[in-house]
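To start, the structure under review is shown below, and the notes come after it.
Residue numbers (my numbering): 3 to 1092.
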């Protein structure tokens, strides 16, 4: 089999002219000035080894030679410009094919004559001629090296060649190659192993990074010179990383480092952090600096590569010095700030004059509320000021004298929200106002040039009773004339708003400090008229209420995008909803990034990015979902004081109150500092993978959609294209509170099955893992050529289950043994073939293997969104590692639901769970669930834990069961299922057993039966083996090396070629993800038994 696509931790980065190279297999990206980088090529150069280092030769020509090394292997590549467009191509140099050197290669450096200086394990240093099969020209061994962890070489000839090596004891040892009998220097100071070194010959500086989380800068002069330890000194010690420092480089005299905390830190001249860059999802392993242009590249465990372009430091917020004691601020432009003081006075800041100008209005009182919206086609804003005595003032900021005043409530105005309504005239904007006792009004405000704004009362609504009873945000939905509001209690409320308009409400013109009524309907006085007029409209109750959806801290925004509704709150999450028969239905919950306690708003950009505005501790942040970085981070003291954010295509501004002053942060719009070259997947080990299917996209190549779960508590739905050989995440699921250990898919059986869609792939996804948590989703993936990924994925959260929550609802729980909160689900399997004849409602059943020694069966009622525990058994009395469910259909159509489970003692148990499934409806009412009973058959297949298990159905009620173990063995048994004619009981019998000891050199963590006689197994030894099974024997057909360390799971599928042959594909996960494909080799003829 051959590799199709690989996503693995990035282990090496190097700039070669205008091309960036990345390991573990060499991937090239062409850098085009200030524009976006583009993929230029991909090549696997070291065969079974991963590239740990890349070193480019200094060259100004069109071809640049690059040394790639890893493990004991070395290869030389050429990056050559081809074509009129200046593209790049990777090619192996003549004589530069990968070869093994007998010891680990720690460092390589180009020397005179195009030769390589190499530092090998054990302190060996030499000059190597890589041409013509490779030969050592000079070589020596540096004594007293000890256990090396990193190395750096300096000098161009043998007499000036020097080696600096970092050791496991925290010492940096320096030798001259010509005098290798004793070290020239020992640089001491680190308290842990030295993991990375970088040397700058022009400046005579050496920087070291250690697992003690420190970076040290040394003045060493010429690396091979000096008189012992007296020729070096430590200039700076830098602490700032939260984990081990993995790579380091020098930008001029200042270090740049990356660490396992996922941060790239650029240090200042005093040992402090000058600039911190974050965006990767896991630990960083590789770092490269481009000499020309100042760019730097980072790569990490998430398989992502990011290019960071130099940018100026973010501006500081300036103090504006308000005229009074500020109560609230509001931005109406990049440098236009409205201030409402404690006395109710209003002032505007003029940036050109650098001063505050009072706005001539009647005072709004000590509890005023301010809101503004820009007017289309003009540099003007329409403002609304709600007063503490129930008055509302409406005015254009450029003409505050032409204002409209209305008396709305007996008490104060509590909330104001401008809400543009679909289909309204350009000069009309809707305003939603909240008053005392939960009363909420909807008014249409008409802006007329040179006149006071006109007002028309459109609706009157009543909010549900609660302590803080006012709305905080509102929007009009395009479907069916509906108004959606969020309130201070954290609830979402849906109101009907298509009633006929009410009568015109009178306006009041305030000019020159006087009040003069301007009549637009009846001629009565304006204040009592407004109070009386609204009573003609009935108070409407909400059509749908999601009470306390965002907790008690309140809803901050509601918006519509792409046919969905999004709400945000101070609980740190945003939710995706849709309308179903005029009822709000939550589809899923998103937690965008760790530590974001308060989400204020979502903004969808034209290029497909989602910006999340909120507060992280006491900082206001603008977070990009695409790059995973903070575009802005402004220390403002938190969001509990008044603040305002404003942005457009040319500038961004943020105003806030701090220490009694008004602060203004302003910056011009600029390109993003970060560019994602390879998309990030999981930051930690991928523990499980499932293939959802294939999506056909018009005008694009066919893509495969996969689902992965990880130790980082997330589930990723991603696509892999065989053409581009890259993976692109489509969406992330972050509902788990602990690691995700297992996945299972319930696919529709055909067009008649529920959930089948001819528009794409539809399935139920179950994910489970730590803290005894199961989540269930409905997925729909379809081609969309208009999107960047050409595939869209819609996710609906269906149900969830946690055993500790179930425990609290149990009766007489004091008489039972409490569930261990550390219980983990180790494996999942969906029961096939559940028919409506067995149960009155549509159920989906799920079998689980648990670390507390139990096998549990759950039932899902998708329509009711309930996931219920149906039955359980503690037969194994030890951790259950794997479960597989299968269906037996007798000659007369009788069905038996069977289950096999495997535990850490090497046993495999077979169960008949037809009865518990038939009694599943009782689980809705009874608190005690029936046990699964005893297994029908138990087989001792291995001497230790069973890490992989798979079944294949054979003719005549026979099943082939294959398993792999911790001891590297493979066991296959042929199982026969029959029904007793007298009792109709299920009978199981083993017809054949085959065991292959030491089939692999390590744990067999993946196994799949491709056909009745073909078996594929994968192990932690990074070998993928295809086996041929025949009665009494198991023979290896082929073995393939794969590049994913710590293999966790394997999934396989087949594709029929045009010739009728079957092509097999598999995907492996662990510390990375790899997809392979191949044809089955010819099966050898077996000798007839004697």
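For glycine and all other residues, C-beta sits at the position ideal for the given N, C-alpha and C.
As the structure is a prediction and not an experimental result, all values here were calculated from the model.
Other residues of its chain near residue i: CB distance less than 6 Å, five sequence neighbours each side excluded
i, result
"residue 639", "620, 660"
"residue 17", "290, 292"
"residue 245", "261, 262, 263"
"residue 2", "No answer is possible for residue 2: it lies beyond the span of the chain, which begins at 3 and ends at 1092."
"residue 887", "831, 833, 849, 901"
"residue 430", "446, 448"
"residue 632", "623, 625"
"residue 434", "419, 421, 444, 476"
For residue j and residue i, believed in contact at Cβ under 8 Å, the rounded distance
i, j, result
"residue 387", "residue 377", "That belief does not hold up - the Cβ atoms of residue 387 and residue 377 are roughly 17 Å apart, past 8 Å."
"residue 275", "residue 242", "5 Å"
"residue 845", "residue 861", "5 Å"
"residue 778", "residue 800", "4 Å"
"residue 745", "residue 669", "Contact flag wrong, Cβ pair sits at about 43 Å."
"residue 711", "residue 771", "7 Å"
Rounded C-alpha distance that separates residue i from residue j
i, j, result
"residue 978", "residue 109", "59 Å"
"residue 371", "residue 443", "15 Å"
"residue 509", "residue 544", "Low per-residue confidence applies at residue 509: pLDDT is 40, beneath 50, and the placement is therefore not dependable enough to give any value."
"residue 70", "residue 303", "20 Å"
"residue 747", "residue 582", "26 Å"
"residue 1085", "residue 1060", "21 Å"
"residue 440", "residue 373", "19 Å"
"residue 120", "residue 76", "10 Å"
"residue 641", "residue 299", "34 Å"
"residue 59", "residue 587", "60 Å"
"residue 452", "residue 401", "8 Å"
"residue 775", "residue 692", "19 Å"
"residue 805", "residue 879", "18 Å"
"residue 209", "residue 131", "29 Å"
"residue 420", "residue 1045", "56 Å"
"residue 286", "residue 458", "59 Å"
"residue 922", "residue 593", "34 Å"
"residue 523", "residue 536", "Per-residue confidence for residue 523 stands at a pLDDT of 36, beneath the threshold of 50, marking its modelled position as unreliable; no derived number is given."
Short Cβ contact (9 Å threshold) for residue i with residue j
i, j, result
"residue 1014", "residue 956", "yes"
"residue 466", "residue 491", "yes"
"residue 828", "residue 851", "yes"
"residue 667", "residue 653", "no"
"residue 600", "residue 555", "yes"
"residue 6", "residue 1067", "yes"
"residue 552", "residue 577", "yes"
"residue 585", "residue 310", "no"
"residue 499", "residue 461", "yes"
"residue 125", "residue 67", "no"
"residue 664", "residue 732", "no"
"residue 629", "residue 684", "no"
"residue 1010", "residue 1052", "yes"
"residue 494", "residue 415", "no"
Sequence-distant residues of its chain with Cβ nearer than 7 Å to residue i (five each side left out)
i, result
"residue 1094", "There is simply no residue 1094 to check, as the chain begins at 3 and stops at 1092 in what is shown."
"residue 896", "981"
"residue 942", "908, 909"
"residue 481", "581"
"residue 161", "180"
"residue 713", "686, 687, 689, 741"
Check: residue i C-beta below 8 Å from any heavy atom of the ligand SAH
i, result
"residue 329", "The ligand SAH is not part of the structure shown, which contains no ligands of any sort."
Close beta carbons around residue i, own chain, < 8 Å, minus the five adjacent residues each side
i, result
"residue 597", "618, 619"
Segments assigned alpha helix (DSSP H), at least 4 residues, entirely inside the region 881-967: Runs of the alpha helix (DSSP H) inside the region 881-967: 916-920.
Complete alpha helix (DSSP H) runs within the region 777-805 (minimum length 4 residues, chain order): Those alpha helix (DSSP H) runs which fall completely within the region 777-805 and span 4+ residues do not exist here.
Any beta strand (DSSP E) of 3 or more consecutive residues that is wholly inside the region 88-141: You should have 89-94, 107-112, 118-122, 126-131.
Ranges of the beta strand (DSSP E) found wholly within the region 989-1026, counting only runs of at least 3: Within the region 989-1026, the complete beta strand (DSSP E) runs of at least 3 residues are 1006-1011, 1016-1021.
Residue ranges of each beta strand (DSSP E) within the region 1042-1090, 3 or longer: Entirely contained in the region 1042-1090, the beta strand (DSSP E) runs reaching 3 residues are, in chain order, 1051-1058, 1064-1072, 1074-1081.
Beta strand (DSSP E) segments (min. 3 residues) lying fully within the region 655-741: Contiguous beta strand (DSSP E) elements confined to the region 655-741 occur at 663-670, 676-680, 688-697, 705-712, 717-723, 728-735, taking only those with 3 or more residues.
Complete runs of the beta strand (DSSP E) confined to the region 556-638 [at least 3 residues]: Within the region 556-638, the complete beta strand (DSSP E) runs of at least 3 residues are 557-563, 566-571, 576-581, 586-592, 598-606, 612-618, 621-626, 631-637.
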